[in-house]
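Which chain is which? The protein sequence lines are A and B, in order. The numbers in the first sequence follow numbering that gives the first Met the number 0, run straight up by one, and end at 395. The numbers in the second sequence follow numbering that gives the first Met the number 0, run straight up by one, and end at 395.
There are 2 protein chains.
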Amino acid sequence: MPKIEALNFFYLAMPEILDVGDGSQDALLVRVSAGGYTGWGECEASPLTTIASLVCPMSHSACKPVAVSVLGETLDSPADIARIHRKVRQNSLDLLQADHALSGIDVALWDLLGKLRQEPVYKLLGFKRAYPKRPYFSLLFGATPADTYQKARQAARQGFSAVKFGWGTFGCLDLKHDEDQVAAARAGLEDEAKKEAILCIDAGTVWGEDVAVASQRLDILRKCAVTWLEEPFHTYAHRAYCQLARASGSVKLAGGEGAHNEYMAQQMIDYAGLGYIQVDCGRVGGITSARRVFEHAQAKGVQYVNHTFTSHLALSASLQVFAGAPEHALCEYPGQLTPLADQLTADHLEVDANGAVHLPERPGLGLEPDLTAIKKYVMDVEMIVNKRMLYRTPAL
Amino acid sequence: MPKIEALNFFYLAMPEILDVGDGSQDALLVRVSAGGYTGWGECEASPLTTIASLVCPMSHSACKPVAVSVLGETLDSPADIARIHRKVRQNSLDLLQADHALSGIDVALWDLLGKLRQEPVYKLLGFKRAYPKRPYFSLLFGATPADTYQKARQAARQGFSAVKFGWGTFGCLDLKHDEDQVAAARAGLEDEAKKEAILCIDAGTVWGEDVAVASQRLDILRKCAVTWLEEPFHTYAHRAYCQLARASGSVKLAGGEGAHNEYMAQQMIDYAGLGYIQVDCGRVGGITSARRVFEHAQAKGVQYVNHTFTSHLALSASLQVFAGAPEHALCEYPGQLTPLADQLTADHLEVDANGAVHLPERPGLGLEPDLTAIKKYVMDVEMIVNKRMLYRTPAL
Chain A
0 MPKIEALNFF
10 YLAMPEILDV
20 GDGSQDALLV
30 RVSAGGYTGW
40 GECEASPLTT
50 IASLVCPMSH
60 SACKPVAVSV
70 LGETLDSPAD
80 IARIHRKVRQ
90 NSLDLLQADH
100 ALSGIDVALW
110 DLLGKLRQEP
120 VYKLLGFKRA
130 YPKRPYFSLL
140 FGATPADTYQ
150 KARQAARQGF
160 SAVKFGWGTF
170 GCLDLKHDED
180 QVAAARAGLE
190 DEAKKEAILC
200 IDAGTVWGED
210 VAVASQRLDI
220 LRKCAVTWLE
230 EPFHTYAHRA
240 YCQLARASGS
250 VKLAGGEGAH
260 NEYMAQQMID
270 YAGLGYIQVD
280 CGRVGGITSA
290 RRVFEHAQAK
300 GVQYVNHTFT
310 SHLALSASLQ
320 VFAGAPEHAL
330 CEYPGQLTPL
340 ADQLTADHLE
350 VDANGAVHLP
360 ERPGLGLEPD
370 LTAIKKYVMD
380 VEMIVNKRML
390 YRTPAL
Chain B
0 MPKIEALNFF
10 YLAMPEILDV
20 GDGSQDALLV
30 RVSAGGYTGW
40 GECEASPLTT
50 IASLVCPMSH
60 SACKPVAVSV
70 LGETLDSPAD
80 IARIHRKVRQ
90 NSLDLLQADH
100 ALSGIDVALW
110 DLLGKLRQEP
120 VYKLLGFKRA
130 YPKRPYFSLL
140 FGATPADTYQ
150 KARQAARQGF
160 SAVKFGWGTF
170 GCLDLKHDED
180 QVAAARAGLE
190 DEAKKEAILC
200 IDAGTVWGED
210 VAVASQRLDI
220 LRKCAVTWLE
230 EPFHTYAHRA
240 YCQLARASGS
250 VKLAGGEGAH
260 NEYMAQQMID
270 YAGLGYIQVD
280 CGRVGGITSA
290 RRVFEHAQAK
300 GVQYVNHTFT
310 SHLALSASLQ
320 VFAGAPEHAL
330 CEYPGQLTPL
340 ADQLTADHLE
350 VDANGAVHLP
360 ERPGLGLEPD
370 LTAIKKYVMD
380 VEMIVNKRML
390 YRTPAL
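Pasting the structure below:
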């Protein structure tokens with residue numbers, strides 16, 4: 000039976016990190032090895048902090064470094080991944096960052112198991128086939144409505160029939176600014192003859208739990224036929240979500256990317272009045288946790304959509320989770336990747352002539368990191384405690 | 000107006016860390032300075048991981064190191080602490096460990112503000128006076144029921160009229176073992192003529208969300224007049240908590256130490272059928288967040304009890320939060336501190352002849368770290384990224 004022989008984290012970063020909402024400016028790549036194969040995953044998390052959670056000294060029996068629950072474990076079936084997942088949660092109960100570390104490790108374990116079994120991950124998850132998804136192009140708002148208008152036209156010209164704008168100054172200035180931004184996005188799509196295009200708006204938790212301020216935006220959102228308003232509030236503001244949902248009419252609410260375990264996402268489904276649940280495999284506890292969220296969403300009649308704003312490795316992981324469910328048709332498609340995230344894999348999940356995205360029919364996640372291309376982004380990290388080197392960036 | 004000039008973290012640890020539930024084997028001490036005064040706090044968290052969250056490079060606009068939201072800020076009133084608290088949460092929205100870092104920083108800021116204003120923290124929180132609390136002695140179960148029996152007698156002899164046992168092998172072996180452990184604890188108290196003593200049991204989340212297994216223990220808990228059963232399930236298992244609460248009769252449920260923000264704790268109060276909510280200032284977001292939990296508990300008729308298993312500095316911080324509310328009478332009193340946690344402060348919150356614990360009538364938290372005594376526990380840490388030293392243990 001294959002045992003996990005190695006577990007490594009690599010901190011990658013662009014030479015300059017800008018103070019903008021683009022989460023693809025750095026990456027934490029996870030490598031696991033067993034039985035002569037290598038699996039890869041990605042944590043959507045602060046790289047240095049997550050590395051520390053992997054290697055930190057034990058604080059007590061329920062605050063152990065994540066690595067001790069993974070190395071040496073048998074990996075032969077999905078049940079083994081579930082066992083390792085449970086073990087990390089138990090041994091690192093009081094280590095908050097552990098959920099983010101576990102997320103990338105879990106993704107890498109599924110990739111590795113797929114390679115050991117020579118099956119795509121979605122098949123290991125019990126799906127017979129992977130249906131194509133309709134990608135929505137995920138973009139940051141332009142600095143001005145005019146910029147946003149151009150970005151929307153450009154997305155439409157690239158063939159996307161669904162676009163989401165978010166972050167930037169949306170919600171940070173006045174009502175008029177927000178109205179102009181949303182109207183500009185819709186106008187850009189229409190002027191490229193995409194009248195029927197889906198438009199979504201992402202507020203990035205900007206209103207905290209202020210229902211009144213969020214409600215002022217509902218008119219323009221309805222007028223511009225916005226499909227969903229994402230993260231008007233922070234992840235725990237169930238009551239605020241519910242109040243806004245009762246008033247939002249045709250505009251549905253979306254959220255969940257802040258969930259760092261399946262329970263948080265399930266509670267949002269149960270209590271927050273969401274139309275769409277969006278968890279990130281790289282944060283929620285990997286494919287294992289995301290799959291549980293998907294099943295709960297299905298049972299409760301809520302649409303499941305991946306949250307992915309990093310590499311196509313992360314995108315593949317996200318799509319495996321709900322690949323076999325054509326009724327959950329949309330997927331987030333990161334639209335403005337940094338060179339780092341773009342080069343992280345040689346292959347990409349391209350949008351086909353019908354505007355659809357397909358998972359590769361290859362073992363595991365079906366995409367490999369481009370080790371030659373990403374070498375230049377690797378950060379040299381050392382963590383030393385009482386002269387003992389707990390972590391030094393390994394060879395890629 | 001005083002500005003925050005310095006913010007330092009110190010990782011302290013016992014020479015040997017045992018694989019047991021004792022959370023006082025290491026500590027993360029926080030020091031902040033402004034206007035010629037120094038404030039101290041403690042994070043109940045993995046020290047190395049939390050240090051990384053303080054100093055890590057920015058990943059994007061909502062994943063910044065915690066330090067950037069604190070250094071240079073004005074500190075002149077409770078409103079300033081609320082503003083800094085909010086700023087950390089916004090700037091580090093996607094940095095999971097930030098809540099644990101914020102917790103110790105917030106405690107240190109309240110200590111510092113108390114010193115700047117020459118007032119105890121509980122007065123800054125709006126209380127007119129600090130009422131004494133009835134301490135419950137918090138102990139780990141013995142390895143055998145006979146050990147537990149001796150520990151209970153010993154606690155009673157020390158004058159405690161309330162004792163809690165937890166962790167160890169409780170819930171990990173069979174039903175008979177658990178029954179014997181609970182019965183031994185009650186017998187130990189009775190044999191020291193403490194028939195009326197409060198006995199609580201802490202399961203340390205051992206049953207996950209398995210209501211059936213937890214329910215088997217209700218008989219012995221009722222028979223031994225146990226006041227509360229703590230953490231039968233993980234923090235997010237609201238439904239399991241509710242089901243067990245409906246069947247538990249005179250035994251109330253307690254939980255909340257896993258909450259890393261006030262929202263989680265408030266949701267437990269609203270949805271989990273708790274009799275007692277127990278948050279840890281060193282994890283939940285400091286005194287600021289704990290105070291919000293206390294107010295919610297009061298409004299909902301749930302008893303507030305501190306969770307504290309580390310130093311008396313942490314104990315003082317915990318008690319300030321609900322000092323002015325005599326109807327919330329109990330407090331956790333860490334009973335078996337490691338030498339590190341014991342020596343962390345020169346003064347202690349002693350139990351008086353009436354078996355009560357009092358807060359010191361001194362500015363801030365009213366206790367100072369014993370810098371001479373704890374020097375020997377300081378761990379030398381270095382974190383280096385691309386040859387840049389992001390953290391090196393500062394001089395204490």
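Note that the Cβ used here is the ideal one computed from N, Cα and C, for glycine as well. Keep in mind it's a predicted model, so treat the numbers as computed, not measured.
- In this structure B:M0 is exposed. Its beta-carbon is surrounded by fewer than 16 other beta-carbon atoms within 10 angstroms.
- The straight-line gap separating the alpha-carbon atoms of A:A129 and A:D18 is approximately 37 Å.
- Only buried fits B:D201, as 16 or more other CB atoms lie within 10 angstroms of its CB.
- Taking 8 Å as the CB threshold, A:N7 stays off the interface with chain B.
- Secondary structure of B:C42 (DSSP, three-state): strand.
- Judged by beta-carbon spacing, A:G285 lies within the 8 Å limit of A:L101, meaning their Cβ atoms are closer than that value.
- Counting C-beta atoms within 10 angstroms of its own C-beta, A:M388 has fewer than 16 neighbours from the protein chains shown and is therefore classed as exposed.
- If you check the CB distance, A:G255 and A:E41 do not come in under 8 Å.
- No residue range can be given for A:Y235, since it is assigned to no alpha helix (DSSP H) and is classified by DSSP as neither H nor E.
- Looking at the backbone, the Cα of B:V54 and that of B:A66 are separated by about 6 Å.
- Taking CB atoms only, B:I383 has a neighbour in chain A less than 8 Å away.
- The secondary-structure analysis by DSSP pairs A:L28 across a beta bridge with A:F9 and A:E41.
- A:R185 and A:Y148 have their C-alpha atoms spaced approximately 8 Å apart.
- Chain-order list of chain A residues neighbouring B:Y376: empty, with the shortest C-beta distance near 11 Å, by a criterion of under 7 Å.
- For B:N305, the closest Cβ of chain A is not nearer than 8 Å.
- When secondary structure is reduced to three states using DSSP, A:G207 falls in the coil class, being assigned neither helix nor strand.
- Less than 8 Å divides the Cβ of B:E229 from the Cβ of B:C199.
- Selection A:V205, A:Q180 and A:V162 evaluated against A:A196 yields A:V162 as nearest (Cα-Cα).
- Following the DSSP letters along the chain, one finds B:E229 in no alpha helix (DSSP H) but inside the beta strand (DSSP E) bounded by residues V225 to E229.
- Look at the region 108-192 of chain A and you find these whole runs of beta strand (DSSP E), each 3 residues long or longer: 133-139 and 161-165.
- Per the coordinates, the alpha-carbon of A:L6 lies some 28 Å from the alpha-carbon of B:A61.
- Put simply, the backbone Cα of A:L252 is about 55 Å away from that of B:A155.
- Selection B:I373, B:V380, B:P368 and B:I383 evaluated against B:T37 yields B:P368 as nearest (Cα-Cα).
- Going by DSSP, B:E294 is part of no beta strand (DSSP E) but of the alpha helix (DSSP H) stretching over G285 to K299.
- Relative to the Cα of B:A313, the nearest Cα in the group B:M13, B:I16 and B:G22 belongs to B:G22.
- In the DSSP secondary-structure assignment, A:G254 is bridged to A:I276.
- The shortest C-alpha to C-alpha distance from B:G35 to any of B:L395, B:T49, B:I3 and B:L28 is the one to B:I3.
- In the DSSP assignment, B:R82 falls within the alpha helix (DSSP H) that extends over P77 to N90.
- By the neighbour-count criterion, in which a residue is buried when 16 or more other Cβ atoms sit within 10 angstroms of its Cβ, A:Q265 is buried.
- Ranked by how close their Cα comes to the Cα of A:L366, the residues A:A355, A:A289 and A:S315 have A:S315 in first place.
- Annotated three-state conformation of B:A33 is strand, per DSSP.
- Among the CB atoms of chain B, none fall inside 8 Å of the CB of A:I286.
- Ranked by Cα distance from A:Y303, the options A:V278, A:T287 and A:G103 are led by A:V278.
- Note that the C-beta distance between B:H237 and B:M267 is below 8 Å.
- Taken atom to atom, the span from the alpha-carbon of A:V225 to that of A:V250 is near 6 Å.
- Of all residues in the region 59-72 of chain A, those with a C-beta nearer than 7 Å to a C-beta of chain B are H59, S60, A61 and C62, reading in chain order.
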